[in-house]
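Have a look at the structure below before the remarks.
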Amino acid sequence: MSALPVQHGPGRSVWNVDATILLVEDDAGDALLVEEMLADSELDSGLIWRKSLSEALEFLRALSTPVCVLLDLHLPDVHGLQAVTQIVERTPDAAIVVLTGLAEAEAGLAAVATGAQDYLVKGRFDPQALSRAVRYALQRKQVERAAAALRANRLMAQENARLERGLLPVPLLRDESFDAVARYEPGRAHGLLSGDFYDVVQTPDGTVHAVIGDVSGHGAAEAALGVCLRVAWRTAVLCDTDPLEQIGLLEAILVAERSDPHVFATVTSLVFPPDAGHVRVVRAGHPGLLLRRGTEVEWVEPEGGMALGLLPGAGQWSTTELALPRDGGVVLFTDGLFEGRTGPDSRLGEEGLLAMARSVGDLAARPFIDALVAGATEGASPYGGLADDVAVLHLGWRKIPHE
């Protein structure tokens, strides 16, 4: 059970396989033949010899480097393909070359089907064949590991995408009297969710509640916190919680769930009473909004309080009532829509966004917000594109046909 050093003749070209070669063979004569062939081959590697599968498995458990196992199928403690199966199960990263007898070629094929990378028939291979089998087995195992890792990553990505897609908000509207159109562009690479969040809920009395928010940061933790706040807001609405109390509740949840004490969130919530001709707004550190009346667009900044989580428990928020005609609309957004660079030292900004909105004020809800996102993206593209998450929400009552 010792390591057998392999000596190569002078001037012989060698392959450094950077791997351990383990021979599992109980016959000393056969082990000596393999040792001599390895010495005459192109492989620059020593040979480790073990006489039983249990000894081999004990050695493999302690090994952290790549290994190629030269495996005899007739060992004192196991016979046949069970030897291959046990190595594959216990050391799945090991490459295996099975050594079969003259009358066992079919066993070699079966071993490959069981998980071995190659097989050699005793008495019918030379040093070059041994070298080639070991090198190819190591390469095949490396390819198998890479393919398995790629499959696992793809499955994980698909599962994450399904999970994130399932967490995206679906407006809860009870009839077709209200129109809610959203555009959501996460800045996180390959993500479907971001720290920006929004939701729309219509309660049984016909009142429509809406929220938009932005958790500071751009990572997966912020995206998860955004989902948490959105679900908490929806729960509070369905439990008929007062809008101002909702903001306090969101701050308490943010403080409890955030992973960093510096994380904060901005929020704007709206209440659209049915047939009231106005909308009530509560703003906590969030940007202003666009108010559409026919083809006219204006920037409105309702009275607001501080963002959630900056000074927990010290925030003071109030409700602002805005007149909203039946054909009017409210456009909410996160700051990623107007903070993109439009020059080396300039950004689109609030005034730039308002000018853009007024230039497309005659468009319906969907093309209107698409035009805003397209314009902001196009303006920022020469300077690296929009670097922040973007959420846009267009809200308003649908015009009654006879009007």
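Numbering (our numbering), first residue to last: 7 to 409. Where a beta carbon is used, it is the ideal one built from N, C-alpha and C, also for glycine.
* Assign Val306 to one of three DSSP states: helix, strand, or coil. => strand
* Status (buried if at least 16 other CB within 10 Å, exposed otherwise) for Leu161 -> exposed
* Hey, could you find the ends of the beta strand (DSSP E) Trp323 is sitting in? => From DSSP, Trp323 is part of no beta strand (DSSP E); its letter is neither H nor E.
* Asked: Excluding the five sequence neighbours on either side, which residues of its own chain have a C-beta within less than 6 Å of the C-beta of Leu260, listed in chain order?
  -> Ala271, Leu314, Gly315
* Taking Thr340 as the reference, which of Pro293, Ala377, Glu302, Pro331 has the closest Cα? -> Pro293
* To do: Give, in chain order, every unbroken run of the alpha helix (DSSP H) that is at least 4 residues long and sits entirely within the region 192-251.
  => 226-244
* Report the three-state DSSP secondary structure of Gly283 (helix, strand or coil). => coil
* Assign Lys405 to buried or exposed, taking buried as 16 or more other Cβ atoms, counted over all protein chains shown, within 10 Å of its Cβ. => exposed
* Asked: Got a sec, what are the start and stop residues for the beta strand (DSSP E) Asp78 sits in?
  -> 73-78
* Asked: Secondary structure at Leu255, three-state DSSP: helix, strand or coil?
  -> helix
* Taking Cβ to Cβ, would you say Leu458 is nearer than 7 Å to Ile27? -> Only positions 7 to 409 of the chain appear in the structure, and residue 458 is not among them; the question remains open.
* **Whole beta strand (DSSP E) elements within the region 98-142, 3-residue minimum** => 101-106, 124-127
* Hey, would you say Ser222 sits closer than 7 Å to Asp395, going by beta carbons? -> no
* Asked: How should Glu307 be labelled, buried or exposed, when 16 other C-beta atoms within 10 angstroms of its C-beta is the threshold for buried?
  -> exposed
* Bridge-paired residues (DSSP) for Leu314 -> Ala271
* What's the call for Glu302, buried or exposed, on a 16-neighbour Cβ count within 10 Å? -> exposed
* **Alpha-carbon to alpha-carbon, Ser47 and Lys266** => According to the sequence as given, residue 266 is Asp; it is not Lys. Near 59 Å, if we compare the C-alpha coordinates of Ser47 and Asp266.
* Find the nearest neighbour of His268 within the set Gln88, Ala393, Glu228, judged by alpha-carbon distance. => Glu228
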